[in-house]
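Student:
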Amino acid sequence: MSNRIDIDVEGFEELRAKLKRLPDKVKGREIEKIMRRVAKPALAAARQEAPEGKTGALKKSLRISRIRFRDAALAGVKVAPNRKKAYYAHFVEYGRKITGKGKTRANPFVGRARTITVPGAREKARVQLARYVQKSIDRLGDG
């Protein structure tokens, strides 16, 4: 399964020349905002699927966090638990083998949330990114 989102744009060469005039940080920040909005349903689904436990720390620790790239124009986000608040999250997600005591079964709650939300999120991201690109073209055309 590919995580890429492809957008068809008419007049791509003109667009590329205009987008090069925008600073990379600006493009990256705007794309990250869009990706965070798109990831909110995935966060809600992951919280719904997460096991409650005694303290509820795993559910509370789920968040949308940034994925860093070397290229400032690229942006990405992920839904994942905060490892400082729920250090055991990967044991719950993938299971584990305890020496002498057997195995703990996997409960892939983040995987289930991804399966539920990814198809709709891809389309929503594609539409919102296309809208951002068009808005950028319009703004650059005026200037």
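Using the working numbering, the first residue of the sequence shown is number 9, and each one after it goes up by one. Every residue gets a Cβ at the ideal spot worked out from N, C-alpha and C, and that includes glycine.
1) Could you check where the alpha helix (DSSP H) with K67 kicks off and where it finishes?
2) Just to check my reading of the structure: F117 and A54 have Cβ atoms closer than 8 Å, yes? What is that Cβ distance to the nearest angstrom?
3) Hey, how far is the Cα of K86 from the Cα of K111?
4) Using the beta-carbon count (16 or more within 10 Å), is G103 buried or exposed?
5) At what residues does the beta strand (DSSP E) containing A88 begin and finish?
6) Closer than 8 Å is the cut-off here; do at least three beta carbon pairs connect the stretch 58-67 with the stretch 130-147?
7) Any idea which residues DSSP pairs G110 with across the strands?
8) Secondary structure at R139, three-state DSSP: helix, strand or coil?
Tutor: According to the structure shown:
1) Its alpha helix (DSSP H) spans residues 65-69.
2) 6 Å
3) C-alpha separation (whole angstroms): 28 Å.
4) exposed
5) 84-89
6) no
7) The secondary-structure analysis by DSSP pairs G110 across a beta bridge with I106.
8) helix
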